[in-house]
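Visitor: Okay, handing you the structure first.
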Amino acid sequence: MTGRLAASLAHEINNPLQSVIGCLGLAEESLAEGDDEDLDEYIGMGLEELRRAARIVSRLRDVSRPVASDDGSPTDVNGLVERVLTLTRSQVKDGEIEVVRRMADELPKPNVVADRMQQVVLNLVLNAVEAMSQGGTLELATWYEEGRDVVCLAVSDSGVGISPDLRPHLFDPFFSTKEEGTGLGLFVSQNIVQEYGGWMEVESQVGEGSTFTIRLPVRRQG
Ligand code: ADP
Ligand code: MG
């Protein structure tokens, strides 16, 4: 898969970089003309494109990282959710999205690497936001299932939903229905969750929305 990853990396990174070059060129012209208003816009656009490139790089870095190199430490899943909501505040606001929290008061702490699990939650929240271009409700829920000794986290949106024929491909690398998608978000997320002995489930209704649920064992076997 390395060859495909490299090709995808080159393509995905090159697009935003070309845009940054264009924006900086325009900014330079505006500066020469003393045109402050456009300058702002070009710098803002350039920044956004650089952020996009950085996001793609960090996703790819996650794919190539060695598996299970770090067992992690007891992690507050509710805290992770809050961090992700802070990180995505601007996207959530832009999209006119209402955030609903249904978090368990007392949640056992699964052993995970917080950074990696944060990446998973971030991927799910960004997908949810992207599914609600007309606005909607983003719901985050956590709970504990005593029987299976798992901490659960569900990310729900009231967005476009997923048609049944796409369902089998969601977790395939490079599967994306988005013009700018890498198709790596769910692939990487599932890998990370499985690394910790967990699993992911999807429920969706076209036109009504989707729920992605992660279950993480509190005490890992082996
Ligand atoms: P990307 O977001 O780059 O397209 P992902 O792996 O994150 O890649 O998602 C793969 C595909 O799964 C998306 O392109 C989209 O078609 C579908 N998908 C994922 N999450 C959702 C969601 N919450 N609502 C609707 N479709 C989704
Ligand atoms: Mg995604």
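The numbering used here applies: residue -19 is where the sequence shown begins, and numbers increase by one.
Virtual Cβ for every residue (Gly too), placed ideally from N, Cα, C.
All values reported here derive from a predicted model rather than from experimental measurement.
1. In the DSSP assignment, what residue or residues form a beta bridge with residue 117?
2. Cβ of residue 190 within 8 Å of Cβ of residue 137?
3. Closest to residue 91 by C-alpha separation, out of 59, 55 and 35, would be which residue?
4. Kindly indicate which residue of 23, 76, 83 and 111 has the alpha-carbon position closest to the one of residue 59.
5. Determine the DSSP secondary structure at residue 26, reduced to helix, strand or coil.
6. Tell me where the alpha helix (DSSP H) around residue 165 begins and ends.
7. Comparing alpha-carbon positions, which option in 188, -2, 35 and -6 lies nearest residue 106?
8. Taking 7 Å as the cut-off, is the C-beta of residue 127 nearer than that to any heavy atom in the ligand MG?
9. I'd like to confirm something about residue 67: is its beta-carbon nearer than 7 Å to some heavy atom of the ligand PLP, or not?
10. State the DSSP-derived secondary structure class of residue 96, mapped to helix, strand or coil.
11. Please state if the CB of residue 154 and the CB of residue 166 are separated by a distance shorter than 8 Å.
12. When every heavy atom of the ligand ADP is checked, does at least one fall within less than 7 Å of the C-beta of residue 38?
Guide: Per the coordinate set shown:
1. Walking along the sequence shown from the start, residue 117 turns up at place 137. Its beta-bridge partners are 78.
2. The sequence position of residue 190 within the sequence shown is 210, counting from 1. The sequence position of residue 137 within the sequence shown is 157, counting from 1. Less than 8 Å separates the beta-carbon of residue 190 from that of residue 137.
3. Locating residue 91 in the sequence shown gives position 111, counting from the first residue. The shortest C-alpha separation from residue 91 is found at 55.
4. The residue given as residue 59 occupies position 79 in the sequence shown. Nearest of 23, 76, 83 and 111 to residue 59, Cα basis: 83.
5. Position 46 of the sequence shown, counting from 1, holds the residue named residue 26. It is helical.
6. As a working note, residue 165 is residue 185 in the sequence shown. Segment 165 to 175, the alpha helix (DSSP H) holding residue 165.
7. Here residue 106 refers to the residue found at position 126 of the sequence shown. Among 188, -2, 35 and -6, the Cα nearest to that of residue 106 belongs to 35.
8. By one-based count along the sequence shown, residue 127 stands at place 147. It does not: the Cβ of residue 127 is nowhere closer than 7 Å to a heavy atom of the ligand MG.
9. Among the ligands modelled here, namely the ligand ADP and the ligand MG, the ligand PLP does not occur.
10. Here residue 96 is taken as the residue at index 116 of the sequence shown, counted from 1. Of the three classes helix, strand and coil, the one that applies to residue 96 here is helix, per DSSP.
11. As a working note, residue 166 is residue 186 in the sequence shown. As a working note, residue 154 is residue 174 in the sequence shown. Judged by their CB atoms, residue 166 and residue 154 are not nearer to each other than the 8 Å cut-off.
12. Start at 1 with the first residue of the sequence shown, and residue 38 comes out as number 58. Checking every heavy atom of the ligand ADP against the Cβ of residue 38, none is found closer than 7 Å.
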